[in-house]
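Last residue of the sequence shown: 759 (numbering that gives the first Met the number 0), numbering continuous.
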Amino acid sequence: MRSVYLAIVALAVILLGLRLWPAQPLSQLMPSSREVLAADGSLLRLTLASDGQYRLWQDLEDISPTMIQVMLLKEDRYFYYHLGVNPVALVRATFATYVDGDRQGGSTLTMQLVRRVYEINSRSVLGKLEQILAAFWLEARYSKRELLEAYLNLAPMGGNIEGVGAASQIYFHKVAGELSLSEALSLAVMPQSPARRARFQADFQAARDRLALFWQQTYPDDPRNQGLQVLTALGAERNELPFKAPHFARRQLRQDARIVHTTIEPKLQALLELRIRQYITSKRHLGVNNATALLIDTRDQAIKAWVGSADFFNPMIYGQVDGVTARRSPGSTLKPFLYALGLDQGIIHPQSILKDAPMAFGSFEPENFDHRFTGPISARDALIKSRNLPAVWLAGQLTDPNLYGFLRQAQIFGLRQESHYGLALALGGGELTMMELGRLYLMLASEGRYYPLRERTEQPINPPSMQLLSPAASFLVLDMLKDNPRADGLPRQGWRVAWKTGTSWGFHDAWSAGVAGPYVLVVWVGNFDATPNAAFIGAEIAGPLFFNITDALQASLPSTADRIWAPPNTVKKVNICAESGELPNLWCPKVIEGWFIPGVSPVKVSTLHRPVWVDNQTGMAVCPPYDAQTQHQEIFAFWPSDMASLFEQAGLPRKLAPQLPESCRNAIQLSNIDPVIRSPLKNVTYSLRQSHLHEHIALLADAAPDASMLYWFVGRDLIGQSLPKQALEWRPSTSGDYKLSVTDDKGRSTSLNLNVSILH
């Protein structure tokens with residue numbers, strides 16, 4: 000008896016040792032498929048495992064309890080009561096097979112798992128013995144929970160489908176945890192004869208009906224039995240697997256995770272895809288064949304829709320190329336950030352008057368898109384109308400950071416060296432991806448804070464951010480852009496939309512980007528092979544698509560409220576003289592309201608409009624003392640020489656103030672305006688080639704109306720003189736830093752420092 004006890008103890012120790020000895024997880028026995036899920040848990044993409052099978056490993060807790068219960072009822076009701084082999088079932092199956100000639104299986108769930116894992120041929124006696132021994136081995140090494148989980152994940156489900164995880168997604172387009180009783184009954188009959196039942200629907204239905212009857216007999220009080228009168232058929236096949244957001248899903252498969260939970264909203268993804276297809280169809284006669292779009296939720300930085308091309312499966316347009324991540328010239332879509340920097344650095348406010356006139360910046364001579372010039376224009380209108388000359392001038396005024404430095408701060412690292420672009424970067428001379436452009440516009444909608452875009456649900460919402468623009472500048476830029484008229488000419492309605500277009504040089508890329516309600520939307524129209532098309536103009540081809548999508552978004556999301564763009568407490572409204580863009584004096588004829596940033600924005604009292612006493616008969620200016628009987632006072636605009644010239648060029652000449660008589664001209668100070676140097680620009684290095692002696696730097700300054708001559712100095716040395724409307728050409732002999740100053744004939748002066756490089 001003692002020897003029996005010792006044998007029992009020894010066996011127990013051996014079994015305990017086998018259980019405690021580290022074993023390879025059963026989940027690692029077979030390679031797994033990978034799935035990409037949308038924000039609502041629906042399937043975007045399911046891949047094949049490396050061995051060509053659809054197999055998606057699910058933890059037991061993630062499988063519907065009903066599915067587990069049905070599978071145990073069908074395959075092994077006594078699973079928890081045997082050690083891998085059910086002797087009663089094995090004897091019954093042997094007797095039926097070899098005596099009655101009715102072949103039956105007596106394999107337990109563990110024995111079926113063994114046959115699958117070790118590829119054992121159990122049709123022979125030796126094979127059956129090998130299967131039994133292997134089942135004991137697995138039972139000794141793994142828990143019942145682990146064995147059940149492995150079986151549910153490896154059971155054949157028809158064709159190259161294995162396990163309830165993959166089968167539930169393929170046949171019912173749902174996760175295994177959501178399987179109903181009817182669906183569980185359908186899957187449970189697959190493992191016994193998956194090939195036959197995949198081919199013969201009648202055989203499959205008969206097997207499922209028998210199992211449903213068995214369930215009803217076993218669980219007669221289950222309230223779901225009534226619904227089993229009409230069983231759910233297999234709803235779909237492998238060729239109907241979802242293949243949604245293909246470019247985005249492919250990107251997510253670069254992650255190591257077996258299951259990737261993304262932020263994509265299927266409804267919004269389908270909406271953007273449909274609108275792009277319809278738009279391409281309507282514009283195909285113009286040679287428009289491709290477009291991309293990106294939709295970002297400003298409330299949680301999540302990407303809600305990602306359309307990498309108009310048709311993923313169209314090789315004619317290189318449809319599998321992902322346009323969202325391609326680098327392309329953004330055109331004028333960068334101008335809002337140029338103006339935001341100008342607002343933050345106190346160079347402009349929205350109503351500042353800028354010059355839209357021909358200018359040369361060293362060897363760089365930019366033009367407007369329409370090859371025209373509008374003369375004086377407010378910063379707001381210059382941004383909305385996308386005038387190039389004011390933008391380039393503004394880029395030259397920025398200090399730290401300039402536009403290049405700002406883009407680097409915003410994690411845009413695909414740019415070349417700054418010297419490669421110069422001031423042309425303001426006009427889209429660099430290359431950005433749609434994702435990078437979307438991040439920039441998200442920054443505007445996030446009060447100037449830089450956030451990374453969220454692609455997966457586990458990424459944090461509103462993580463720590465960098466403040467790259469002030470809330471004031473971000474608000475003012477959005478406030479300016481919201482007045483940009485719709486591209487289709489329709490009246491504004493619904494969500495507030497602040498948007499901007501862009502066209503790359505040579506008509507390769509047409510862009511539209513902006514904030515619409517709670518979303519940032521970026522769209523691009525073009526060709527992936529960079530073929531140009533004169534139709535690729537941002538305002539004309541990308542703008543209508545932008546509003547096509549935003550209108551559809553509003554219609555499909557009626558309960559989504561517009562995002563409130565509340566002005567921060569760091570901006571104020573003041574009265575501004577419309578013509579000068581400065582605080583109105585007593586004589587300003589038209590006063591408007593405008594935003595400014597106290598302590599930052601360049602605001603001073605306007606001196607543009609001033610009174611002049613004139614003779615009633617001649618209309619000539621007169622000297623004091625004045626006689627109200629024969630003289631009267633008139634208000635005139637004393638435009639600087641450069642502005643007056645611009646009005647003339649634009650065909651809008653202004654009435655000139657009459658000249659004072661010589662006898663009192665010097666006694667009356669008409670203006671205290673210092674000259675303003677327009678060229679050269681400050682903070683810009685001018686490069687001149689030694690072999691090109693005709694290259695010069697143009698010296699040009701604005702002067703007060705009463706100035707008749709300008710004198711130019713380098714240090715203390717006079718280098719020349721010019722009329723206020725004329726440029727003086729200057730070519731230094733050596734490289735270096737120079738202090739340049741200009742003085743008018745009334746003694747008013749200004750200066751700046753510049754750097755000159757003579758290239759050998």
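Cβ atoms here follow ideal geometry from the backbone N, Cα and C, with glycine treated the same way.
Annotated as distal: L270 and A560, with beta-carbon spacing of 8 Å or more. From the listed residues P265, H419, A425, F312, the smallest Cα separation to L340 is found for A425. Scanning the segment 128-210 for uninterrupted beta strand (DSSP E) segments of 3 residues or longer gives nothing; none is fully contained. Here the alpha carbon of T629 sits roughly 13 Å from the alpha carbon of C622.
Across the structure, G126 and N120 are spaced so that their CA atoms are roughly 5 Å apart.
For F546, the enclosing alpha helix (DSSP H) starts and ends at 542-555. V570 is a Cβ neighbour of L475, given a cutoff of 8 Å.
According to the DSSP assignment, D508 belongs to the beta strand (DSSP E) that extends over 508-515. Contact annotation, L758 with L687: C-beta distance approximately 7 Å; criterion of less than 8 Å satisfied. Going by DSSP, D380 is part of the alpha helix (DSSP H) stretching over 378-383. Scanning P597, A486, I575, Q251 for the CA closest to the CA of V590 turns up I575. Its chain contains P470, S473 as the residues whose beta carbon lies nearer than 6 Å to that of E446, once the 5 sequence neighbours on both sides are disregarded; these appear in chain order. A straight-line Cα-Cα distance of about 11 Å links T332 and G429. Linking P543 to G318 through their CA atoms gives a straight-line distance of about 22 Å. Contact between I676 and A703 is ruled out by a C-beta separation of about 14 Å, above the 8 Å threshold. T432 and T684 have their C-alpha atoms some 29 Å from each other.
Here the segment 137-146 makes no contact with the segment 27-38; the two share fewer than three CB pairs at distances below 8 Å.
In the pairwise beta carbon analysis, the segment 43-55 is classified as not touching the segment 270-283: fewer than three pairs are separated by under 8 Å. The C-beta of G40 has fewer than 16 other C-beta atoms within 10 Å across all chains shown, which makes the residue exposed. Per the C-alpha coordinates, the member of A509, A627, E728 positioned closest to P679 is E728.
DSSP links L125 through a beta bridge to no other residue. Of the candidates F527, A187, D487, R144, F527 places its Cα closest to the Cα of A325. Here I718 has W711, F712, W729 as same chain residues with Cβ atoms under 7 Å from its own Cβ, once five neighbours each way along the sequence are excluded. Here the C-alpha atom of E539 lies approximately 18 Å from the C-alpha atom of A381. Residue state for Y338 is assigned as helix, using DSSP reduced to three classes. Ranking H693, L722, L699, R715 by CA distance to the CA of S707 puts L722 first. Runs of alpha helix (DSSP H) with 4 or more residues, each lying fully within the segment 210-287, are found at 245-251, 265-282, listed in chain order. Counting along the chain, the unbroken alpha helix (DSSP H) around D478 starts and ends at 470-480.
Following the DSSP letters along the chain, one finds V113 in no beta strand (DSSP E) but inside the alpha helix (DSSP H) bounded by residues 108-117.
The DSSP assignment places complete alpha helix (DSSP H) segments of no fewer than 4 residues inside the segment 635-708 at 640-648, 661-664, in order along the chain. Judged by DSSP secondary structure, G404 falls within the alpha helix (DSSP H) whose first and last residues are 402-408. Contact between I263 and V519 fails: their C-beta atoms lie close to 15 Å from each other, not under 8 Å.
The Cβ atoms of P241 and H284 lie no closer than 8 Å to each other. The Cβ neighbour count for W504, taken over all protein chains shown within 10 Å, is under 16; the residue is labelled exposed. By the Cβ rule, the segment 379-393 does not count as touching the segment 404-419, because fewer than three pairs are nearer than 8 Å. In the DSSP assignment, N85 forms no beta bridge with any residue.
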